[in-house]
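Here the structure is laid out as structure tokens; the discussion comes afterwards.
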Amino acid sequence: MSFPTVPPAQHQNPLPAEQQLHTVNARVVVERVAQVRAGHRAEAVGFARAAASRLSTEQPGVAGAFVFEETFGVKDRLHYVIHLDSLAAYYELVRVQDEAKAEHGPDEWNRLFVEGSIRETVLMPQFWGMYGTKVDGELEKQSTVYRGDGPVMLPPAREQTSLPLDSILHSGNAGILMHRVGQMASEHRSEARQFGRVVAESINRNLPGECTVFVYEEAFGQADRLHWLIHLKDINTYMRLMELHVRDEDVRDIYFREWIPAEKGGGTWAGLFLDGTMSDVAMTPLR
């Protein structure tokens, strides 16, 4: 029996797919979460879709947005995922929003969404050596940030994997977008970042075209909080992901490996993150 699938988020954008910004080519991702006021869903959804479309068409290559809703979480909680070419593009985002306010009168975000529910998380694609963490002394020197001699530019998440583009899922073409968060233990922050990247690439290599994972760092928020954006082809891919961790011995070894060095007491990945801080949210492109 086949079930209808939700169109990927790139269908929300009037621009051709190759001109859109998404989690692979953006240098900054801003996730805005807002709870729709009771009785205002249709209007709030229309407003969010229009705002995303306006941003994408007015700022091609600079800023763009897709809208998602929680798959199994809180009903009518929207995730407005904004993709920026740089941190400086935030000023263009503010300008577009100010113009929209002038056009629509009262602040629609305040009218359509629950007071105090709107929050933003700024995510930057992780690169080796970020925030002073150490890997092996060599990988850190291979990043474009280390090797560049001009103005510092954040590398897009694309640089985290060697997979060809046609095997990569992102916020535009994925059927489900999962956001995983974990608070790293300060004394193991370097090992935790390395673990996060190794886990992500193990999934990318084993499930090309089905699941793609990228690692992000949080800017302007909680220090040493690691973020994974997990892009699934569809909801059934979640079972493929579980199967991979059960059947593939190389993948299983990652989780049983001693990530904490002996001089720090030793231990597996479980000691890299604070208890009770790892959580997942699944999001479906807004229809």
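Taken in order, the sequence shown gives residues 132 to 418; the numbers are from the working numbering. Just so it is clear, CB atoms sit at the ideal spot from N, CA and C, and this is done for glycine as well.
- Within the DSSP bridge table, the entry for T399 names no partner.
- By DSSP's assignment, G313 forms a beta bridge with L357.
- For R168, the three-state secondary structure derived from DSSP is coil.
- According to the DSSP assignment, G327 belongs to no beta strand (DSSP E) but to the alpha helix (DSSP H) extending over 320-337.
- Classified as buried, K364 has 16 or more neighbouring CB atoms from the shown chains inside 10 Å of its CB.
- Pairing F244 with L254, the inter-Cα distance amounts to about 23 Å.
- In the DSSP assignment, I385 falls outside any beta strand (DSSP E) and lies within the alpha helix (DSSP H) extending over 380-387.
- By the criterion of at least three beta-carbon pairs nearer than 8 Å, the segment 206-222 is in contact with the segment 175-194.
- Comparing C-alpha distances from E318 to each of K265, H171, E200 shows the shortest one belongs to K265.
- By the 16-neighbour rule on beta-carbons within 10 angstroms, R324 is buried.
- In the three-state reduction of the DSSP assignment, R250 falls in the strand class, which pools E and B.
- Shown here, R418 sits in coil according to DSSP, grouped into three states, outside any helix or strand.
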